[in-house]
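Structure, as structure tokens:
Shown next as structure tokens:
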């Protein structure tokens, strides 16, 4: 019974946050099967990420244990790059990616798929307690969602920018900024003994900025005018 509770606690945060961001799509809700598909892509990339991280650690040797290098390259770099590759090559050119907010939703789906498997591995292999799973829900799972918001927001800006130089700029930002924030997050947890004094402000900044990006992405939707016209006609 305890195992069932812990496993439920491992899965519930990712699904809850995914539902939250799905309902934040104000003007043109995405097909649920597409969101689930991207969530499952997030589930699947866990194992290539683990393989690449292990290989890079063996390649770097003792250098791989340096806190900054491990946080920014081995952890954040590999994880965010693989999420970005899935987002770009699977969904960026898809017809369902038809408004800026879609980038956020699909990136969050990938990130939460990854975070859910990560949670399950911790719960299964680490004999995790309910308090530990609550910690993971509030920090790692929530953090992955915010990294997804940042990635998806700038991917959406790139998709709907008319100028090529702006597209390139936003595509670069869509990968570098999630790596930066993810690396900073991991560095704080790995170096600071009193990490909670530093991680709480970082998470507040991420959530505040993330919700601002959600609002701005929705406001750039080409469907907002259609919806307003329908409301006026009613």
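Numbering (the numbering used here), first residue to last: 8 to 241. Beta carbons: idealized from backbone N, C-alpha and C, even for Gly.
Asked	Found
Kindly indicate which residue of 154, 82, 46 and 70 has the alpha-carbon position closest to the one of residue 57.	82
Residues in the same chain with beta-carbon distance under 7 Å from residue 190, minus the five sequence neighbours each way, listed in chain order, please.	78, 79 and 83
Is the distance from the Cβ of residue 41 to the Cβ of residue 103 below 8 Å?	yes
Quick one: grab the DSSP three-state call for residue 79.	helix
Answer yes if the segment 113 to 120 comes into contact with the segment 32 to 51, meaning at least three C-beta pairs across the two stretches below 8 Å, and no otherwise.	yes
I need the boundaries of the alpha helix (DSSP H) containing residue 36, first residue and last residue.	From DSSP, residue 36 is part of no alpha helix (DSSP H); its letter is neither H nor E.
Quick one, are the C-beta atoms of residue 121 and residue 90 less than 8 Å apart?	yes
Quick one: grab the DSSP three-state call for residue 241.	With a pLDDT of 46 at residue 241, under the threshold of 50, the predicted position of this residue should be treated as unreliable, and no value is reported.
Please report how far the alpha carbon of residue 48 lies from the alpha carbon of residue 38, in whole angstroms.	16 Å
Within the present structure, is the beta-carbon of residue 45 separated from the nearest heavy atom of the ligand FMN by less than 7 Å?	Here there are no bound small molecules, and the ligand FMN is not part of this structure.
So, is residue 218 buried or exposed, given that buried needs 16 or more other C-beta atoms within 10 angstroms?	exposed
Would you grab the beta carbon distance between residue 34 and residue 225 for me? Rounded to a whole angstrom, and I think it's under 8 Å.	7 Å
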